[in-house]
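This report concerns only the one structure given below.
Protein chains: 2
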Amino acid sequence: MDDDIYNYGGPKLTVDIVTFLYNLKTLELKVLLIKRDTKPFLGINALPGGFIREDESSFETASRVLQEKTGITSMYIEQVKTFDSINRDPRGQIFSVAYMALVNEEELPDGLDARITQRLSISEIFSSKTKLAFDHKEIIQYAYNRLQAKISYSNLSALSLPQYFTLPDLQTVFEIVLGETVDKRNFRKKITTFGFLKETDKKRKGESKRPAQLYTNKYKKIVTYDRLI
Amino acid sequence: MDDDIYNYGGPKLTVDIVTFLYNLKTLELKVLLIKRDTKPFLGINALPGGFIREDESSFETASRVLQEKTGITSMYIEQVKTFDSINRDPRGQIFSVAYMALVNEEELPDGLDARITQRLSISEIFSSKTKLAFDHKEIIQYAYNRLQAKISYSNLSALSLPQYFTLPDLQTVFEIVLGETVDKRNFRKKITTFGFLKETDKKRKGESKRPAQLYTNKYKKIVTYDRLI
DNA sequence: TCAAAAGTGTTCCGAATACACCCATGA
DNA sequence: TCATGGGTGTATTCGGAACACTTTTGA
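These protein sequence lines are chains F and X, in that order. As numbered in my numbering, residues 481 to 709 make up the first sequence, in order. As numbered in my numbering, residues 481 to 709 make up the second sequence, in order.
Below, the structure written as structure tokens:
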């Protein structure tokens with residue numbers, strides 16, 4: 481028997497987005513945070529997020545909030561998990577549907593307000609010195625584990641790059657996310673067997689080295705291989 | 481900037497539970513459903529579920545609802561995903577945090593009311609003739625995929641069995657969930673390397689065949705190996 | 001003594017890993 | 001012509017898959 485919908489006193493729902501930013505030049509992996517300007521956790525870094533509005537799905541909230549707060553429109557945004565510990569929010573029973581995105585830092589829109597948007601490296605975030613609002617450190621840890629697992633059997637790495645990209649760049653995305661170097665030949669063998677790469681007849685020019693072949697995605701959304709989830 | 485918490489007009493939250501029932505004798509895999517006694521979808525089969533109450537986490541709701549509606553207390557209940565399509569519920573913006581459980585049908589409590597609790601086999605459920613309420617068929621499909629993936633790299637099979645169980649029974653749980661037979665020797669090699677099994681000095685007696693060694697779990701909750709998720 | 005299921009090792013194959021040299025470009 | 005990173009193939013190793021016989025019990 482369902483409880484009466486009109487007497488709903490249940491949880492309120494927010495969305496929080498873990499935006500992983502990689503930098504192909506500095507080889508850093510960071511997470512985008514916003515310094516809170518309201519209580520609770522005033523002045524503390526938190527994941528960008530917001531309440532789900534009427535007639536909005538959580539995915540729409542995630543896309544909207546990411547756009548409004550950071551200007552980012554990411555090709556890859558995916559639901560991670562719903563966090564619902566009773567004491568996660570001092571204001572009461574507020575649950576959070578966590579999403580994650582992977583974004584090339586050099587593609588970030590200009591004019592991000594550095595006073596409010598912070599970028600902390602993964603190691604800073606997991607340092608015991610770093611304090612984050614709510615259970616956001618736990619959310620980031622969970623999303624990071626998922627990201628590392630999923631990049632190896634999906635095309636999400638390619639979704640985060642510009643339309644035309646090189647295999648060395650794609651490999652660097654892997655290395656940044658996994659936190660370790662990978663063998664060039666083995667990487668190319670594996671990534672090409674997945675079949676989401678389309679070779680173009682273009683090459684990257686203008687650097688004093690051999691020009692790299694440009695590739696593009698066959699698919700505009702996430703595709704997974706072998707494993708589920 | 482967060483929206484004002486006091487003007488919250490966002491979604492209401494329910495929990496729905498996909499209870500997978502396996503039967504070691506008939507080798508069937510079924511899902512427990514309840515015939516709805518209220519609108520919408522009056523008289524149609526649906527997953528057991530209910531609204532999240534005040535001061536309740538979604539996990540607590542899942543455990544409570546499963547107990548209240550079916551009498552089941554499962555060792556293994558896990559969050560799967562939050563379903564939030566805008567039109568999934570005709571009453572409005574009602575999201576569902578989906579959970580799944582795996583239960584030995586022979587361990588079900590007596591006195592389940594057959595007039596309201598239904599048990600449909602996986603093949604019946606995915607038949608195009610079968611109608612389920614809301615988006616519950618989609619939820620079951622998603623959970624089933626997750627279950628099949630996760631049983632292979634976790635101890636969830638053992639959690640669903642009684643305290644003392646045999647390797648042939650454990651293997652049968654695998655075969656029912658995966659929908660295919662597996663090789664006995666390879667199965668034993670793999671499952672013992674995980675290290676969650678503890679051999680006891682007891683044997684199952686009373687059948688006219690060689691008695692099987694009884695094992696028990698080292699861990700009382702889910703443990704995963706290798707892969708994340 | 002028979003039926004029925006429990007228990008046990010080895011070979012084979014394919015996928016993942018390790019590894020080193022030549023190539024194309026702009027400076 | 002040199003420095004820089006791009007591009008390519010093979011041998012090895014390891015884990016997963018295939019496979020058949022002996023053992024123990026109650027009837």
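Note that CB positions come from ideal geometry on N, CA and C, so glycine has one too.
Its chain contains I514, P528 as the residues whose beta carbon lies nearer than 7 Å to that of X/K549, once the 5 sequence neighbours on both sides are disregarded; these appear in chain order. Counting only runs that start and end inside the stretch 637-698 of chain F, the alpha helix (DSSP H) elements of at least 4 residues fall at 647-658, 664-674.
For X/S537, a Cβ of chain F is located within less than 8 Å of the residue's own Cβ. For the stretch 648-682 of chain F, no residue has a beta-carbon sitting nearer than 7 Å to a beta-carbon of chain X.
Contacts with chain X at 8 Å (Cβ-Cβ) do not include F/K689.
Runs of the alpha helix (DSSP H) lying entirely within the stretch 506-558 of chain X and spanning at least 4 residues, in chain order: 538-550. Counting of Cβ neighbours within 10 angstroms places F/T610 among the exposed residues, the total staying below 16. For F/Y695, the closest C-alpha among the options F/A613, F/Q651, F/I524, F/D564 is that of F/Q651. Counting only runs of at least 4 residues, the stretch 571-637 of chain F fully encloses the following alpha helix (DSSP H) elements, listed from N- to C-terminal order: 602-606, 616-631. In this structure, the straight-line span from the alpha carbon of F/D535 to that of X/T562 is close to 16 Å. Proximity of the stretch 588-596 of chain X to the stretch 563-577 of chain X falls short of the contact definition, fewer than three beta-carbon pairs being nearer than 8 Å. Residue pairing from DSSP places F/V495 in a beta bridge opposite F/G530, F/V577. By the 16-neighbour rule on beta-carbons within 10 angstroms, F/A594 is exposed. For F/E534, the neighbours in chain X by C-beta distance under 9 Å run, in chain order, G489, G490, P491, G572, Q573. One thing to note: F/L522 has its Cβ within 8 Å of the Cβ of F/R516.
Of the candidates X/L504, X/G489, X/F531, X/L627, the residue whose Cα lies closest to the Cα of X/D496 is X/F531.
Assigned with DSSP and collapsed to three states, F/L504 falls in coil, not helix or strand.
By the 16-neighbour rule on beta-carbons within 10 angstroms, F/R626 is buried.
According to DSSP, F/K561 shares a beta bridge with F/A578. Here the stretch 638-658 of chain X makes contact with the stretch 679-693 of chain X; the two share three or more CB pairs at distances below 8 Å. With the criterion set as a beta carbon lying under 7 Å from some beta carbon of chain F, the members of the stretch 540-563 of chain X are Q559, K561, T562, in sequence order. F/T597 and F/I605 have their C-alpha atoms spaced approximately 15 Å apart. Pairing F/V657 with F/Q621 gives a Cβ-Cβ distance that is not under 8 Å.
Cα atoms of X/I566 and F/S537: separation of roughly 6 Å, rounded to the nearest angstrom.
Scanning F/F667, F/L639, F/F645 for the CA closest to the CA of F/K683 turns up F/F645.
Closest by C-alpha distance to F/E679, out of F/R599, F/A638, F/T661, F/L501, is F/A638.
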